[in-house]
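Heads up: the sequence shown begins at 714 in this note's numbering, then just goes up one per residue. Note that beta-carbon positions come from the ideal geometry of N, C-alpha and C, so glycine has one too. Shown next, in structure tokens, is the structure this report addresses.
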Amino acid sequence: MSSTMKALVSCYVPAQRFVRAASLPVAPPAAAQRRLWSSSSSSQNKPRPSLLRHLSSKIKATGPISVAEYMREVLTNPVTGYYVRNNMLGPEGDFITSPEISQIFGELLGVWVISEWMGAGSPKQLQLVELGPGKGSLASDVLRVFAQLRPVLGDASVSLHMVEVSPALSQLQAKTLTGNQHQEVETEDELVYRRGETGTGLLVSWYHRLDDVPKGFSIFLAHEFFDALPIHKFQRTDKGWREVMVDIDPEQPDQLRFVVTPSPTLASSTLVQADELRDHVEVCAEAGVVIQQLARRITEDGGAALIADYGHDGTKTDTFRGFKGHQLHDVLASPGSADLTADVDFSYLRWVAGGGVACLGPVSQRTFLKNMGIDTRLQVLLRNCTDPSTRKQLISSYDVLTNPAKMGERFHFFSLLHHSRLTKPRTPEGLKLEKKRSPAPLPVAGFTQLTFS
Ligand SMILES: C[S@@+](CC[C@H](N)C(=O)[O-])C[C@H]1O[C@@H](n2cnc3c(N)ncnc32)[C@H](O)[C@@H]1O
């Protein structure tokens, strides 16, 4: 294992550019470190009156809406939502994420995927499923590792499955991964809405929902996906837990405000844990549903999920925030013009995963990448690079990804694994092996340090 991992991390050469971002912002404001924002486009600063109008009509018709409904509308409304209308990850976009900062990030995740596929006994089928793939850069870097390590994958049938709600971003992903080798699927009864083929002949399919992805052994990747899912907010009061809702401000009818429900809602009665000690809680029920789907698939079909996001372990209270440009943005101001996000509560993900799968993490991004051999990988790239500015960018992007004061400690990795992955393989009956010689499970890359002997 250790020599294979060493080969995986150090042998392949960069097939594209060393560093994706032309220039990296220096020390973004602390609050904005979750995403490193570049200059914002003028189109993204325009107010979105139509979404505000839509939300106001909804509130007038049915009363205040939950924060989850507000967040869902603002981010993914099919006409005016932030992710649907905005090209926030394009050249004139708003922010840069880890896969956009350096191709090393995606390459190391590619190594993780292959390592977990090997740890599961190298099944004949490998579905790589990415949730919320943004611009497609992460998948593209993972696939480059697959191409480089094709002999390791042998004759396994590999396919790529993208779960993306934004038609605009799915087009960008298709261009990144397939060039022009893709097309929309017209038939309404199809679960796939776009299909394509990569330059190396891998089939790529796009779906709106995880449930639509075919069953089969799969490795799931979700980078900055869960933080974009809608959260409910709750507040402890003298009368018990109440839900925080979004209402029209009666004093300024073109503005929204937060209100607290006078009586319990279905969500406040069912989503807050009985032994909760905090006074304010955010619960992402949609994340819970996705985690349960992942856990069920991994239990039934084998595989693993790797989730990377900023978050906490059930300790924080009020993390719902908006971002526009390099600044924090009022979540209720000009809805649809800014990104909305909330920290991922990993303790909740672990709880909803239940006992059917094993959970590892969260570990910090710095720990994970260092365990994955980012230092070795950086040295290999530097050895092969003589251009001073590229060398400088390589070192600077390494720093952004791993420095505890930048992304190193803010982002965390969390994994769902099939239980068999962590248990010792059983000695076949009738074979009398000495106890000490029975094989140990392969270590899970990233969560344990790999020794390169
Ligand atoms: C913050 S971006 C992260 C993009 C990319 N993973 C990265 O790290 O660069 C969130 C991604 O999730 C997608 N997304 C948001 N909500 C979604 C949902 N409910 N279902 C599927 N995709 C969603 C967005 O369109 C976008 O591609």
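DSSP on residue i, reduced to helix/strand/coil?
i: Asn-758; result: With a pLDDT of 48 at Asn-758, under the threshold of 50, the modelled position of this residue cannot be trusted, and the question is left open.
i: Phe-818; result: helix
i: Val-959; result: strand
i: Ala-998; result: helix
i: Pro-846; result: coil
i: Ser-1050; result: coil
i: Ala-734; result: Residue placement at Ala-734 is poorly supported in this model, since its pLDDT is 40, which falls under 50; the coordinates still yield a value, given next. Residue state, collapsed to three classes: coil.
i: Arg-1096; result: helix
i: Phe-938; result: coil
i: Ser-976; result: coil
i: Thr-950; result: strand
i: Lys-1037; result: strand
i: Leu-969; result: strand
i: Leu-841; result: strand
i: Asp-985; result: One point to set straight first is that residue 985 is Val, not Asp, in the sequence displayed. In this structure, Val-985 counts as coil in the three-state DSSP scheme.
i: Ala-1071; result: strand
i: Ala-1055; result: coil
i: Gly-832; result: helix
i: Gly-1168; result: Any question about residue 1168 goes unanswered here, given that the chain covers just 714 to 1166.
i: Ile-772; result: helix
i: Arg-1087; result: One detail in the question is off: residue 1087 reads as Ile in this sequence, not Arg. Helix, per DSSP.
i: Thr-1028; result: coil
Applying the criterion that 16 or more other CB atoms from any shown protein chain within 10 Å of the CB defines a buried residue, is residue i buried or exposed?
i: Asp-1022; result: buried
i: Lys-1037; result: buried
i: Asn-893; result: exposed
i: Leu-990; result: exposed
i: His-1132; result: exposed
i: Pro-963; result: exposed
i: Leu-822; result: buried
i: Gly-912; result: exposed
i: Thr-1099; result: exposed
i: Gln-816; result: buried
i: Gln-1162; result: exposed
i: Ala-1118; result: exposed
i: Glu-931; result: Note on identity: in this sequence residue 931 is Ser, with Glu being the wrong assignment. Buried: at least 16 other Cβ atoms inside 10 Å.
i: Glu-829; result: buried
i: Arg-953; result: The residue asked about is misnamed: residue 953 is Gly in this sequence, not Arg. It is exposed - the Cβ of Gly-953 has fewer than 16 other Cβ atoms within 10 Å.
i: Asp-902; result: exposed
i: Asn-1084; result: buried
i: Pro-966; result: exposed
i: Val-898; result: exposed
i: Pro-975; result: exposed
i: Asp-854; result: buried
i: Gln-896; result: exposed
As a quick exercise: from the options, pick the residue whose alpha carbon is nearest that of residue i.
i: His-767; options: Gly-1067, Gln-968 and Arg-857; result: Gln-968
i: Arg-1104; options: Thr-1080, Phe-818, Val-1113 and Gln-1092; result: Gln-1092
i: Val-792; options: Gln-1005, Asp-1112, Gln-816 and Leu-764; result: Leu-764
i: Val-780; options: Cys-1098, Ser-981 and Phe-1126; result: Ser-981
i: Ser-883; options: Asp-868, Phe-1033, Tyr-920 and Thr-1032; result: Tyr-920
i: Ala-774; options: Gly-845, Asn-1116, Asp-960 and Gln-1106; result: Asp-960
i: Pro-1154; options: Gln-1162, Arg-1134, Thr-1161 and Phe-1160; result: Arg-1134
i: Thr-978; options: Val-957, His-993 and Pro-966; result: Val-957
i: Asp-1026; options: Cys-997, Asp-1052 and Arg-1063; result: Arg-1063
i: Tyr-1111; options: Gln-1040, Leu-1129, Gly-1086 and Ser-769; result: Gly-1086
i: Glu-1013; options: Gly-929, Met-831 and Pro-966; result: Gly-929
i: Asp-1056; options: Tyr-906, Pro-1075, Leu-1045 and Gly-1049; result: Pro-1075
i: Gly-794; options: Ala-860, Asp-1052 and Ala-833; result: Asp-1052
i: Tyr-906; options: Arg-922, Leu-915 and Gly-1049; result: Arg-922
i: Asp-992; options: Gln-948, Leu-984, Ala-1018 and Ser-976; result: Gln-948
i: Gln-838; options: Ile-827, Pro-1048, Gly-1049 and Thr-950; result: Ile-827
i: Thr-1136; options: Pro-1156, Leu-1082, Val-1113 and Gln-861; result: Pro-1156
i: Trp-825; options: Thr-1115, Gln-1040, Ala-1017 and Gly-914; result: Ala-1017
i: Ser-918; options: Leu-890, Val-787 and Glu-937; result: Leu-890
i: Glu-843; options: Val-876, Asp-925, Glu-995 and Leu-885; result: Val-876
i: Glu-820; options: Val-797, Gly-834, Phe-808 and Ala-852; result: Ala-852
Pull the bridge partners of residue i from the DSSP assignment, please.
i: Ser-1077; result: His-1125
i: Thr-1161; result: Ala-1158
i: Asp-1022; result: His-1125
i: Ile-778; result: Val-959
i: Ala-1066; result: Its beta-bridge partners do not exist; DSSP assigns none.
i: His-767; result: DSSP lists no partner for His-767.
i: Val-871; result: Leu-839
i: Ile-932; result: Leu-841 and Ala-1017
Using 8 Å as the limit for Cβ to Cβ distance, is residue i near chain D?
i: Ala-1071; result: The chain labelled as chain D is not found in the depicted structure, where only one protein chain is given.
Segments assigned beta strand (DSSP E), at least 3 residues, entirely inside the region 1100–1139: Those beta strand (DSSP E) runs which fall completely within the region 1100–1139 and span 3+ residues are 1124–1130.
Within the region 873–930, ranges of the alpha helix (DSSP H) (whole runs, at least 4 residues): 880–891
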